[in-house]
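>
In the numbering used here, the protein residues as written are 865 to 1231.
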C-alpha cells in the first residue's frame, strides 16, 4: 500500500483496513486463478504419486491434543499445561500441570516444549493401556521435535554450572519420567500412531512444481487442488534430507541411557512418512504422518478408512475426537483465570489488599 493515510485523521485506520482487504483479495484471486488454470499440469506432474485410496476395516480412534496458557501478574506468572485423550466421543484420560512462576524470559516457547512432552507422555500411557485402535496426535511429529529440542536447549543452558533456577524443580520430574520411561521412543515406534497437522506449513512440492506460488500456498493446498475425492498421494519420507543428530538440545543426563534413546528417537524419525489424503469432494486434502509399518496396502486401507469415518461433520475439518480433545484443552485459559482469581481472593483476607494487588494483580489493564 503506497497511499499516505497520515492526513486522514480518524479515518486513517478504516481506510487502511479497506485498502488491505482490496490488496489481499487481489492476491488471493491471483492464487486461485493460478491453481485453477494449472491444475491439469500439476496433476500430470504428480500423476505417478496419485493412487485411489484402499478400503479397510474401521478401528476405534483416539486423539491426543494439548494446550498451554499463561496469565502474567505484576510480580509472577500463572501457567497451565493440559493434555487430553478422547476416544470416539469419550474423554478417556487427561493431565494438567499448573504452576506459579517468577517472570521467565521466553516462557511461552518453554511451555510449548513442555506441552509436547505432556502430550507424548499421555499418548504413551494410552498406547500401553490398549492393544488395538488408531491414535491421532494433533500436530506434526517434526514440529514436536523442534519444540522439545528448543526446550532441551533451554534446560541445558539453565543447568550449565550446576545452579539452575529454582523453578525448574516443578518440571524436572516430568522430563525425567518422560525419558526414563522412553515415552517418545514408544510413540515413534508404535504402528498404531499417526500425526495430523491441521496447520501444515511444508511447501516442498510447491517449491519444485510451482515455485511462483512459493510463499503463497503450502503442499496441503497444492494437493487439495490436485487430488480428486477418494485419492491419496504415495508416502514420502518425513525427513527428506540427511539430518544427522536431529535431537541436539541437551548434554544433561535426563536419563541413564539418554545417548541410546537419542539414537532410537532419531532412527524413529527416519521411519516416518507423509501422505496427503482427500476423503471427499467437499473437504480439503489432509496431511498425515505415519510410521513405515502402515505403508503397506492393508494397514494403510484400515488407517485411511478409520480417519475418514471420524470426519463426522462437514464444518469440522478434522476427526471428531481430535476436535473434542482440542476444545477441551482450550479451556485451560479459563481454568487459569479462575486459579488466579481464587488465589487473590484467598490472600486478600490475610494480607493488605494493596500488597496482594501489587504482586498478583494484572500487569496491564484487563480486556
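Each residue gets a CB set at the ideal place from its N, CA and C atoms; glycine is no exception.
Can we say the region 991 to 1002 touches the region 937 to 944, given the rule of at least three CB pairs closer than 8 Å?
no
> Does DSSP put residue 1081 in a helix, a strand or coil?
On the chain shown, position 217 is the one that residue 1081 refers to. Residue 1081 falls in the strand class under three-state DSSP.
> By the 10 Å Cβ neighbour count, where 16 or more other Cβ atoms means buried, how is residue 1215 classified, buried or exposed?
Position 351 of the chain shown, counted from the first residue, corresponds to residue 1215. Per the 10 Å Cβ criterion, exposed.
> What three-state label does DSSP hand residue 1122 in the structure shown?
Locating residue 1122 in the chain shown gives position 258, where the first residue counts as 1. Reduced to three states, the DSSP call for residue 1122 is helix.
> Based on the DSSP output, what are the partners of residue 1002 in its beta bridges?
In the chain shown, the residue the question calls residue 1002 occupies position 138. Note: residue 1002 sits in a beta bridge opposite 1060.
> Could you spell out the range, first to last residue, of the alpha helix (DSSP H) harbouring residue 885?
As a position in the chain shown, residue 885 is number 21, starting the count at 1. The continuous alpha helix (DSSP H) containing residue 885 extends over residues 876 to 901.
> Smallest Cα separation from residue 1191: which of 922, 1078 and 953?
Position 327 of the chain shown holds residue 1191. If we check each option's Cα against that of residue 1191, 953 comes out closest.
> Do three or more CB pairs link the region 1083 to 1090 to the region 1009 to 1019 at distances below 8 Å?
Not touching, per the Cβ criterion.
> Is it true that the region 1142 to 1155 meets the region 1021 to 1028, where meeting means three or more beta-carbon pairs spaced less than 8 Å apart?
no
> Out of curiosity, what's the CA-to-CA distance linking residue 1220 and residue 948?
Your numbering for residue 1220 matches position 356 in the chain shown. Your numbering for residue 948 matches position 84 in the chain shown. Taking the straight line joining both Cα atoms gives about 33 Å.
> Using the beta-carbon count (16 or more within 10 Å), is residue 1160 buried or exposed?
Within the chain shown, numbered from 1, the residue matching residue 1160 stands at position 296. Classification of residue 1160: exposed, given that the 10 Å Cβ count is below 16.
> Measuring CB atoms only, is the region 1055 to 1070 touching the region 1119 to 1135, in the sense that at least three cross pairs come out at less than 8 Å?
no
> Based on Cα-Cα distance, which residue from 1005, 886, 996 and 932 lies nearest to residue 1155?
If you number the chain shown from 1, residue 1155 lands on position 291. Measuring from the Cα of residue 1155, the nearest candidate turns out to be 1005.
> Give the range of the beta strand (DSSP E) segment to which residue 962 is assigned.
On the chain shown, residue 962 is found 98 positions in, with the first residue counted as 1. 954 to 965 is the span of the beta strand (DSSP E), which, as asked, contains residue 962.
> Within its chain, find whatever has a CB closer than 7 Å to the CB of residue 1129; leave out the 5 residues flanking it on each side and keep chain order.
As a first step, residue 1129 must be located in the chain shown, where it is residue number 265. Closer than 7 Å at the Cβ level, and outside the excluded window around residue 1129, lie 1048, 1049, 1052 and 1111.
> Would you say residue 950 and residue 926 are within 9 Å of each other, going by their C-beta atoms?
Walking along the chain shown from the start, residue 950 turns up at place 86. Walking along the chain shown from the start, residue 926 turns up at place 62. Cβ atoms of residue 950 and residue 926: closer than 9 Å.
> Taking contact to mean 3 or more Cβ pairs, one atom from each stretch, closer than 8 Å, check whether the region 1058 to 1078 and the region 879 to 888 are in contact.
These segments do not touch.
> Using the Cα positions of residue 897 and residue 981, report the straight-line distance between them to the nearest angstrom.
Position 33 of the chain shown, counted from the first residue, corresponds to residue 897. Position 117 of the chain shown, counted from the first residue, corresponds to residue 981. If you take the alpha carbons of residue 897 and residue 981, they lie about 42 Å apart.
> At what residues does the beta strand (DSSP E) containing residue 929 begin and finish?
Along the chain shown, read from residue 1 onward, the residue named residue 929 stands at position 65. From DSSP, the beta strand (DSSP E) with residue 929 extends over 925 to 936.
> Would you identify the three-state DSSP class for residue 1185, choosing helix, strand or coil?
The sequence position of residue 1185 within the chain shown is 321, counting from 1. Three-state DSSP puts residue 1185 in a helix.
> Over what stretch of residues does the beta strand (DSSP E) that includes residue 979 continue unbroken?
As a working mapping, residue 979 is identified with position 115 in the chain shown. It is not in any beta strand (DSSP E) - residue 979 instead sits in the alpha helix (DSSP H) that spans 971 to 993.
> With a threshold of 7 Å on Cβ separation, who are the neighbours of residue 1203 within its own chain once the five nearest residues in sequence on each side are excluded?
In the chain shown, counting from the first residue as 1, residue 1203 sits at position 339. Around residue 1203: 942 and 962.
> In the region 1121 to 1153, which residue ranges form an unbroken beta strand (DSSP E) of at least 3 residues, counting only runs that do not cross its ends?
Counting only runs of at least 3 residues, the region 1121 to 1153 fully encloses the following beta strand (DSSP E) elements, listed from N- to C-terminal order: 1136 to 1142.
> Quick one: is residue 1177 buried, meaning 16 or more other Cβ sit within 10 Å of its Cβ, or exposed?
Here residue 1177 refers to the residue found at position 313 of the chain shown. Exposed: under 16 other Cβ atoms inside 10 Å.
> On the premise that residue 979 lies in contact with residue 930, defined as a C-beta separation below 8 Å, what is that separation, rounded to the nearest angstrom?
Against the chain shown, residue 930 aligns to sequence position 66. Against the chain shown, residue 979 aligns to sequence position 115. Residue 930 to residue 979, Cβ: 5 Å. Contact.
> Could you name the residues of the same chain whose beta carbon sits closer than 8 Å to that of residue 1082, not counting the 5 residues immediately before and after it, in chain order?
Taking the first residue of the chain shown as 1, we reach residue 1082 at position 218. The beta carbon of residue 1082 is closer than 8 Å to those of 1064, 1065, 1066, 1067 and 1070 in its chain, skipping five residues each way along the sequence.
> Quick one, which of 1174, 1188 and 1122 has its alpha-carbon nearest residue 924's?
Here residue 924 is taken as the residue at index 60 of the chain shown, counted from 1. The option with the nearest alpha carbon to residue 924 is 1174.
> Could you check how far apart the C-beta atoms of residue 1189 and residue 991 are, in whole angstroms? I think they sit under 8 Å.
Here residue 1189 corresponds to residue number 325 of the chain shown, with the count starting at 1. Here residue 991 corresponds to residue number 127 of the chain shown, with the count starting at 1. So it is not a contact: roughly 15 Å between Cβ atoms.
> Is the beta carbon of residue 917 sitting closer than 9 Å to the one on residue 1150?
As a first step, residue 917 must be located in the chain shown, where it is residue number 53. As a first step, residue 1150 must be located in the chain shown, where it is residue number 286. Going by C-beta atoms, residue 917 is not nearer than 9 Å to residue 1150.
> Would a C-beta distance cut-off of 9 Å place residue 910 and residue 1090 closer than the cut-off?
Here residue 910 refers to the residue found at position 46 when the chain shown is read from its first residue. Here residue 1090 refers to the residue found at position 226 when the chain shown is read from its first residue. Remark: C-beta atoms of residue 910 and residue 1090 approach each other more closely than 9 Å.
> Alpha carbon to alpha carbon, how far is residue 1194 from residue 1182? Give it in angstroms, no decimals.
For the purposes of this step, residue 1182 is taken as residue 318 along the chain shown, with counting starting at 1. For the purposes of this step, residue 1194 is taken as residue 330 along the chain shown, with counting starting at 1. One alpha carbon belongs to residue 1182, the other to residue 1194, and they sit about 16 Å apart.
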